[in-house]
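S.K.: Take a look at this one; I'll ask things after.
Number of protein chains: 4
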Amino acid sequence: MKPTAILLLHCPDREGIISELTKFVTDNRGNIVYLDQYVDRVEGVFFMRMEWELDRFLIPKDKIEEYINTLYASRYDMECCLYFNDVKPRMAIFVSKMSHCLYDILARYKAGEWDVDIPCIVSNHEDLRYVAEQFDIPYYVWSIKKDHSNKREVEEAEMELLRRENVNFIVLARYMQIISDDMIREYPNHIINIHHSFLPAFIGAKPYHQAWTRGVKIIGATSHYVTSELDAGPIIEQDVVRITHKDTPDSLVRKGRDLEKIVLSRAVTKHIERKILTYRNKTIIFS
Amino acid sequence: MKPTAILLLHCPDREGIISELTKFVTDNRGNIVYLDQYVDRVEGVFFMRMEWELDRFLIPKDKIEEYINTLYASRYDMECCLYFNDVKPRMAIFVSKMSHCLYDILARYKAGEWDVDIPCIVSNHEDLRYVAEQFDIPYYVWSIKKDHSNKREVEEAEMELLRRENVNFIVLARYMQIISDDMIREYPNHIINIHHSFLPAFIGAKPYHQAWTRGVKIIGATSHYVTSELDAGPIIEQDVVRITHKDTPDSLVRKGRDLEKIVLSRAVTKHIERKILTYRNKTIIFS
Amino acid sequence: MKPTAILLLHCPDREGIISELTKFVTDNRGNIVYLDQYVDRVEGVFFMRMEWELDRFLIPKDKIEEYINTLYASRYDMECCLYFNDVKPRMAIFVSKMSHCLYDILARYKAGEWDVDIPCIVSNHEDLRYVAEQFDIPYYVWSIKKDHSNKREVEEAEMELLRRENVNFIVLARYMQIISDDMIREYPNHIINIHHSFLPAFIGAKPYHQAWTRGVKIIGATSHYVTSELDAGPIIEQDVVRITHKDTPDSLVRKGRDLEKIVLSRAVTKHIERKILTYRNKTIIFS
Amino acid sequence: MKPTAILLLHCPDREGIISELTKFVTDNRGNIVYLDQYVDRVEGVFFMRMEWELDRFLIPKDKIEEYINTLYASRYDMECCLYFNDVKPRMAIFVSKMSHCLYDILARYKAGEWDVDIPCIVSNHEDLRYVAEQFDIPYYVWSIKKDHSNKREVEEAEMELLRRENVNFIVLARYMQIISDDMIREYPNHIINIHHSFLPAFIGAKPYHQAWTRGVKIIGATSHYVTSELDAGPIIEQDVVRITHKDTPDSLVRKGRDLEKIVLSRAVTKHIERKILTYRNKTIIFS
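Chains as they are written, first to last, in UniProt numbering: chain A, 1 to 287; chain B, 1 to 287; chain C, 1 to 287; chain D, 1 to 287.
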C-alpha cells in the first residue's frame, strides 16, 4: 500500500470546487484513489473526502497543508483536515465493569483489523485489569468517589496521561461516568461513546429497563461523539434488534450487548479510516 | 376450514392452568389446533391463546362462554375473551389526506388477504373519496374546524355511524386528528394507530423532520393501540429502515411511507387473527 | 423544479475525468445539482452520475449528447446515457394472477409518487382486469397456451403494443411467464423482475416452498433486470424478513408478498430516477 | 437459581399430551418455569420444551428419565432428551487461522455469559495458540497434510481427546476442514458450524467472493449442525447485512466477520440453553 494523503473538508457550496481540487491533485501527479462528495442542499454546504497517492506527488508531504490553505481554503471558506495513511492514530479506551465492548475492540486490534495504537486503558474500577493484562496494555485506575468530590482531580490525572501518551481519540467502551466539559473541549468530536438505546429514545440511565417498561418491539444501540449535552452528540452509527413480549430486562441486556459492541466498533472503524465529517450536530459518513 | 373457538385469557399464574384448560377442551371432544401460552415471571401473570375445532365439541357454541366463566374464570381470576373464527370483524378506517396506508389496506381486503368487513371509511377531508369509490366503500366526511369548536359534534356523528354499522375496531390510517377519550372508552384497545416514528422517539408532530434534525441513522414506524395519552398506548408492531446523511426530510417521508403501511398492516393482521392480548400498557403478540 | 440533464456513464478509469466533466458543465453555466461517482478498482472502471440545471446552460438541449460524444466519449472510451428530467418514462406492467405488486405500483402512480406514464397493463389472464379498471388503465390479455405453441405469436403482439405505446421499460409484477430472448434484446436492462427469493438461493419455481423445505430462518425477495439466463440478471435490490419454524409454506407466501412489493417498487423507483448503471452482470445504484 | 429438569421431546401429535405431561409434573410437585410447545401441522408432529424446578419434586432426579419413558415415551412414541440445569455442557472449539469467532466465544465464556466448560481448543495450525494461552485453555494441534493422507489418523487422535475430556458438543469456529462421517456419527446434531454465506446460496469455498461475483445486495452468515452433506445440515440461525456496489471481496470479508461471530454465538447460546430440537433436517428453536 502506497502512502496517501486524505483530505476532509466542508465549505459553502459553490460551483467548481471538485473540478479545482481534483485538478490540483492530478496536475501535481497525485493519483486519486478515493473521492466522494456530498452537498447538503438544505444548508448549502459542500462536503468532500479525497485520498491520493503521494509517491509521485510533486508537493512535499509537509507542505501540502500549506498549499491547500493558501490556494483554496480561504478562498472557498473551507474547513479542512489533512491526514496521512502512514500515521497511526493513538486511541485510549475508557471502561467500567463490563467487558464485552473492550474484548471486541482488543480482538480486532490484536487481529490487525485496525491500523491504530492503544497506549492505555483507563478505568474507575479494577474489574477489567485482567483483560488489559491478557493483551499487554497498560491499565490505569482512578477511582471516582460516590460524591464525585475528586472528579476534577481524576480527570486532570487522566488528561495528563492522555497528553503524555499522545492520545488522538478516546473510546468510551461502556464507561459509566459523565465526561466533563474540560475533557470534551480537549477532544472535540474525538470521544466516541456507545449508548445502549436507540437514541433519542431512552436517554440517560437504565435504557433497557426503560425499553422493557415501555413495551417496545425493537431495541437499539447508538454510537455518537460526546458533547456537553448528555447522549445528544452527533450520531455516528445505530443498529437495532427485534425483541418480543417474552424478553425480560435481563434478556434485553444480553441481546443489547451484541448490538453495543458491533455498533461501537463500526463507529471506531469509520473514525480510524477518517471517513467521518461532523457538521453542527450531525455526521457525514463516507462509505 | 372448520369452525373454531378462540380463547384469549390472562390471570395470576398458578400451577395446573394449562393442564385443566386443555383437559376441558379435549374431554369435551374439541380438537386443539393452536395453543400458545406465556408466563410473565416478573409480574406473575399467565397468558394463553387456545383455538379448537367446534364440529365435534360437546358444548353448544352459545354456551361455551358461560361454561368457561363458571368452571374456570372466577376460580382463577381470569380475564377471558372468546371469539369464533366464522364471525368476521367489522373494521372502520379513518383517513386524512395521504393514501398509502389506505391503498395498502384496501388492496389486502380486495385480494381476500383479511377475513374482515369494511363498512365505512371516515375522514375529515374529501381528498381520498376517489380511493373509497375505486373500492366501492361508503366514504363519510365530517370536517373538523381549525378551532376544534365542532369536534365533539363530529365525534358524536362518527360514533353514531360506528354503532349503526356494528364496527368492532378502528384503524387510523394516517388520520391526523386526536381521538377523544369518549371514543377511546367505547373502543378500548380497539383503535389501531400508525405513528411515523420509532416510538418513544419523536412523539407528536412532524417526526420525520425531528429525526432529520437529530441526525439519526435509522428511522422507524410504530403501530399501537390508542389510549388517552398521545402516542403512548400499547405498542403492537415496529419496524425500521436505515438512512444516511444524504436523506432529506422529503426522502425520509418517502422511505417512511413504505414502513408505515407495512407496519400498520402487520398490526391489523394480528388484531384480526385475535393474536393480541393487552396487559397494562403492553401487548402480548402470539405468533 | 428546473429542467435538468442527467448523464450516466462508465469508462476505463483515468485521471482527470471528473475534473474535465465538471469543468465542462460549469464552464457552460450548468449548475450541478447531483454528482456521484464510483471507481471499481478491481476492474479499473469509472462510473458517474451527474445532473445539472439547463436553464442557463449554454449548449442547446438537443446538442448536448453530440457535444459530450465529440469532446469526451470517444477520447475516454465512454458509454454514456443522457436523460432529461422533463421526459417522463413510459412503463408497461406485466401481471398474471396475484394483485399485491400491481396494487402497490398503481397506488404509488395514482398518488403521484412516480413521474411516469403507464399506458398499458399486459397479462396472460383476465384475473386482474378489475384492478386495471379501478385505475382506468388499458388492460390487454393474450393467453399463452399450456404447450406454449402460441408463445411467439403472443410476444409479437405484445411487442407491437409496446412499440405503439412507446414503452421505455417493463415491470414484471409477478408475471409468471419466461420472457423470450427477442423481447429481452429489445429491452436490454429495461425489464425489471421480482423474484420471490433471496437470489441466488432458490432459483426457479416455488421458492417459498423450497425455503420451507430447507428450513431457512430468513426469506427474501430480489428485484433484477431480466437476462436470457433464468433469475440470473443484474440484481437491483434485495430485502429479507425473519421467519421461524412455526411458519408454513402458506405463511411464507403471505410474509413474502410484503417483501416482494416493497423490493420491486424500490427497484422501479431507482430505475425511474435514472440512478442505476449496469456493468457486466452487476448494478451500480446511486443514492 | 434452583435446580431444574429440562425435557425436550417430539412425537406424533395426539390430543392430551400437554395436559398429561403438565399434570405429571404438577401432581409430583414440580413447579413449571418454562413451557413451550409447537405442532407441525403439515407433518403432524408435536414438539415440546418443559422446564421445572426439582427442589420439591417427588421423583428422584436419577429416576425421572425412567418414569417418563415408562409412563409416556413408549405410549406416545416420543423421542425425549432430559437435561439438568446444574450439569454444565462441555464444549470443544475447532479453529484454523482466523481469530474473530474464537475471541467472541472466549470473551463470553470469560465474562460468564455461558454456563459451559471449555476443556480444549483444537486446530490444524499453530496460528491461534496465543489466543488459547491468553485464556489459559489447552490448545492441541494436529496438522492435516495437503493430500489428506493423515486425515483419518488426525481425526482418531481428536476423537480420543474429545472422549477423554468428556466433550458434549463441538463448535467449528471457522474451522476450514471437512468433518468426517465418523466424527459426525459420534456427535449427531452436536457439531455447530458457521458458514459465511446466507445458505443455501454460495455453498462451499469462498462464499464472499461468490457473492461479490454475483452482485448481491445483501450478504449473510448461517450457523447449522454439521451433517455428512456439505453445508446442508439443519440451520440454527442466520443473519444478513446490506452491502453495495462499492464493496470489494475484502470489505465483504470484513463485514462478514461481524455477522459470523454473532450468528455463531447465538446458535451456541441456544444449544447451551437446550432450546433446539432437531427434526429431520430442520430445527425448532424455542424462545
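Here a beta-carbon is modelled for each residue, glycine too, at the ideal position from N, C-alpha and C.
Alpha carbons only, please: which of A/50, A/9, A/226 and A/267 is nearest the one belonging to residue 178 of chain A?
M.R.: Residue numbering aside, residue 178 of chain A sits at position 178 when the first sequence is read from its first letter. Closest by alpha carbon: A/226.
S.K.: I'd like to know whether the C-beta atoms of residue 190 of chain C and residue 222 of chain C end up nearer to each other than 8 Å.
M.R.: In the third sequence, counting from the first residue as 1, residue 190 of chain C sits at position 190. In the third sequence, counting from the first residue as 1, residue 222 of chain C sits at position 222. No, they are not a contact pair.
S.K.: Among all the DSSP beta bridges, which residues are the ones paired with residue 206 of chain B?
M.R.: Counted from its first residue, the second sequence places residue 206 of chain B at position 206. Partner(s): none; residue 206 of chain B has no beta bridge.
S.K.: Distance, Cα to Cα, residue 235 of chain B vs residue 245 of chain D?
M.R.: Within the second sequence, residue 235 of chain B is the residue found at index 235, counting from 1. Within the fourth sequence, residue 245 of chain D is the residue found at index 245, counting from 1. If you take the alpha carbons of residue 235 of chain B and residue 245 of chain D, they lie about 37 Å apart.
S.K.: For residue 67 of chain B, which residues in the same chain have their Cβ closer than 6 Å to its Cβ, ignoring the five residues on either side in sequence?
M.R.: The sequence position of residue 67 of chain B within the second sequence is 67, counting from 1. If we look at residue 67 of chain B and ignore the five residues flanking it on each side, its Cβ neighbours are 59.
S.K.: Compute the beta-carbon to beta-carbon distance between residue 26 of chain D and residue 32 of chain D, rounded to the nearest angstrom, for a pair I have assumed lies under 8 Å.
M.R.: Sequence index remark: in the fourth sequence, residue 26 of chain D carries index 26 (1-based). Sequence index remark: in the fourth sequence, residue 32 of chain D carries index 32 (1-based). Confirmed, about 7 Å.
S.K.: Going by Cα to Cα distance, which pick from C/263, C/82, C/72 and C/48 is closest to residue 241 of chain B?
M.R.: Mapped onto the second sequence, residue 241 of chain B falls at position 241. For residue 241 of chain B, the nearest C-alpha among the options comes from C/263.
S.K.: Report yes if the C-beta distance between residue 183 of chain C and residue 229 of chain C is below 8 Å; otherwise report no.
M.R.: By 1-based counting over the third sequence, the position of residue 183 of chain C is 183. By 1-based counting over the third sequence, the position of residue 229 of chain C is 229. No, Cβ-Cβ distance for residue 183 of chain C and residue 229 of chain C is not below 8 Å.
S.K.: Whose CA, out of D/28, D/49 and D/249, lies closest to the CA of residue 34 of chain D?
M.R.: Within the fourth sequence, numbered from 1, the residue matching residue 34 of chain D stands at position 34. With distances taken between Cα atoms, residue 34 of chain D lies closest to D/49.
S.K.: So, at 7 Å on beta carbons, what are the nonlocal neighbours of residue 275 of chain A in its own chain, with the 5 sequence-adjacent residues on each side left out?
M.R.: Position 275 of the first sequence, counting from 1, holds the residue named residue 275 of chain A. If we look at residue 275 of chain A and ignore the five residues flanking it on each side, its Cβ neighbours are 49, 285 and 286.
S.K.: Verify whether the separation of the beta carbon atoms of residue 125 of chain D and residue 97 of chain D is less than 8 Å.
M.R.: Reading the fourth sequence from its first residue, position 125 is the one you call residue 125 of chain D. Reading the fourth sequence from its first residue, position 97 is the one you call residue 97 of chain D. Yes; because the gap between Cβ atoms is below 8 Å, this pair is in contact.
S.K.: Could you give the distance in angstroms between the alpha-carbon of residue 99 of chain B and the alpha-carbon of residue 128 of chain B?
M.R.: By 1-based counting over the second sequence, the position of residue 99 of chain B is 99. By 1-based counting over the second sequence, the position of residue 128 of chain B is 128. Each residue's Cα considered, the two are about 7 Å apart.
S.K.: Just verifying my parser: in three-state terms, what is the DSSP assignment at residue 37 of chain C?
M.R.: As a working note, residue 37 of chain C is residue 37 in the third sequence. The answer is strand: DSSP assigns residue 37 of chain C an E or B state.
S.K.: Would you say residue 274 of chain A faces chain B, with C-beta separation under 8 Å as the test?
M.R.: Position 274 of the first sequence, counted from the first residue, corresponds to residue 274 of chain A. False, the Cβ-Cβ gap to chain B never drops below 8 Å.
S.K.: Which residue comes first and which comes last in the beta strand (DSSP E) that contains residue 171 of chain D?
M.R.: Counting from 1 along the fourth sequence, the entry for residue 171 of chain D is found at position 171. Counting along the chain, the beta strand (DSSP E) containing residue 171 of chain D begins and ends at 169–172.
S.K.: Do you know whose CA, among A/117, A/141, A/11 and A/42, lies nearest residue 81 of chain A's CA?
M.R.: Position 81 of the first sequence, counted from the first residue, corresponds to residue 81 of chain A. Answer by Cα proximity: A/11.
S.K.: What are the residues that DSSP puts in a beta bridge with residue 92 of chain B?
M.R.: For this step, residue 92 of chain B is matched to residue 92 along the second sequence. The partner list for residue 92 of chain B (beta bridge, DSSP) reads B/120 and B/170.
S.K.: For chain D, find out if any of its Cβ atoms is closer than 8 Å to the Cβ of residue 10 of chain A; answer yes or no.
M.R.: On the first sequence, position 10 is the one that residue 10 of chain A refers to. Not an interface residue.
S.K.: Residue 24 of chain D lies in the alpha helix (DSSP H); which residues open and close that run?
M.R.: Here residue 24 of chain D refers to the residue found at position 24 when the fourth sequence is read from its first residue. That run of the alpha helix (DSSP H) goes 17–27.
S.K.: So, residue 171 of chain D versus residue 91 of chain D, is the Cβ gap smaller than 8 Å?
M.R.: As a position in the fourth sequence, residue 171 of chain D is number 171, starting the count at 1. As a position in the fourth sequence, residue 91 of chain D is number 91, starting the count at 1. Yes, they are a contact pair.
S.K.: Which residue marks the beginning of the beta strand (DSSP E) containing residue 306 of chain B, and which one marks its end?
M.R.: Absent from the structure is residue 306 of chain B, since the part of chain B shown begins at 1 and ends at 287.
S.K.: Going along the chain, which residues of the stretch 193–219 of chain C sit with their C-beta nearer than 8 Å to a C-beta in chain D?
M.R.: Correct list: 198, 199, 200, 201, 202, 214, 215, 216, 217 and 218.
S.K.: Identify, in the order they occur along the chain, each residue of the same chain with its Cβ nearer than 7 Å to the Cβ of residue 115 of chain D, setting aside the five sequence neighbours on each side.
M.R.: The residue labelled residue 115 of chain D in the question sits at position 115 within the fourth sequence. If we look at residue 115 of chain D and ignore the five residues flanking it on each side, its Cβ neighbours are 88 and 272.
S.K.: With a threshold of 8 Å between beta-carbons, can residue 4 of chain B be considered close to chain C, or not?
M.R.: If you number the second sequence from 1, residue 4 of chain B lands on position 4. No, residue 4 of chain B lies away from the interface with chain C (no Cβ there is under 8 Å from its Cβ).
S.K.: Please name the residue, chosen from C/21, C/162 and C/205, that lies closest to residue 344 of chain C on a Cα-to-Cα basis.
M.R.: Summary: the structure shown does not reach residue 344 of chain C, with chain C confined to residues 1 through 287, and so no result is reported for it.
S.K.: Confirm, please, whether the CB-CB distance from residue 130 of chain B to residue 107 of chain C is below 8 Å.
M.R.: Counted from its first residue, the third sequence places residue 107 of chain C at position 107. Counted from its first residue, the second sequence places residue 130 of chain B at position 130. The answer is no: Cβ separation not under 8 Å.
S.K.: Please report the straight-line C-alpha distance between residue 9 of chain C and residue 64 of chain C, rounded to a whole angstrom.
M.R.: Translated into the one-based positions of the third sequence, residue 9 of chain C becomes position 9. Translated into the one-based positions of the third sequence, residue 64 of chain C becomes position 64. Approximately 14 Å, taken between the alpha carbons.
S.K.: Any beta carbon from chain A within less than 8 Å of residue 15 of chain C's own beta carbon?
M.R.: Your numbering for residue 15 of chain C matches position 15 in the third sequence. Cβ-Cβ to chain A under 8 Å: yes for residue 15 of chain C.
S.K.: What residues match up with residue 114 of chain D in a beta bridge as DSSP calls it?
M.R.: Within the fourth sequence, residue 114 of chain D is the residue found at index 114, counting from 1. Its beta-bridge partners do not exist; DSSP assigns none.
S.K.: Specify, as a first and last residue, the run of the alpha helix (DSSP H) that residue 264 of chain B falls within.
M.R.: Counted from its first residue, the second sequence places residue 264 of chain B at position 264. Counting along the chain, the alpha helix (DSSP H) containing residue 264 of chain B begins and ends at 249–272.
S.K.: Kindly give me the distance between the Cβ atoms of residue 44 of chain A and residue 13 of chain A, rounded to whole angstroms, as I take these residues to be in contact under 8 Å.
M.R.: Within the first sequence, residue 44 of chain A is the residue found at index 44, counting from 1. Within the first sequence, residue 13 of chain A is the residue found at index 13, counting from 1. Yes, they are in contact, since the Cβ atoms of residue 44 of chain A and residue 13 of chain A sit about 5 Å apart, within 8 Å.
S.K.: Could you tell me which chain D residues have their CB closer than 7 Å to the CB of residue 238 of chain C, listed as they occur along the chain?
M.R.: Position 238 of the third sequence holds residue 238 of chain C. Per Cβ cutoff of 7 Å: 216, 217 and 218.
S.K.: With respect to the beta strand (DSSP E) encompassing residue 147 of chain C, which residues constitute its N-terminal and C-terminal limits?
M.R.: The sequence position of residue 147 of chain C within the third sequence is 147, counting from 1. Careful: residue 147 of chain C lies outside any beta strand (DSSP E) and carries neither H nor E.
S.K.: Alpha carbon to alpha carbon, how far is residue 186 of chain B from residue 168 of chain B?
M.R.: For the purposes of this step, residue 186 of chain B is taken as the residue at position 186 of the second sequence. For the purposes of this step, residue 168 of chain B is taken as the residue at position 168 of the second sequence. In a straight line, the C-alpha of residue 186 of chain B is about 10 Å away from that of residue 168 of chain B.
S.K.: Tell me the rounded alpha-carbon separation between residue 261 of chain A and residue 219 of chain C.
M.R.: Start at 1 with the first residue of the first sequence, and residue 261 of chain A comes out as number 261. Start at 1 with the first residue of the third sequence, and residue 219 of chain C comes out as number 219. C-alpha separation (whole angstroms): 26 Å.
S.K.: Starting from the C-beta of residue 237 of chain D, find all residues in its chain whose C-beta is less than 6 Å away, skip the five residues before and the five after it, and write them out in chain order.
M.R.: Taking the fourth sequence and counting its residues from 1, one reaches residue 237 of chain D at position 237. Result list for residue 237 of chain D: 223, 263, 266 and 267, in chain order.
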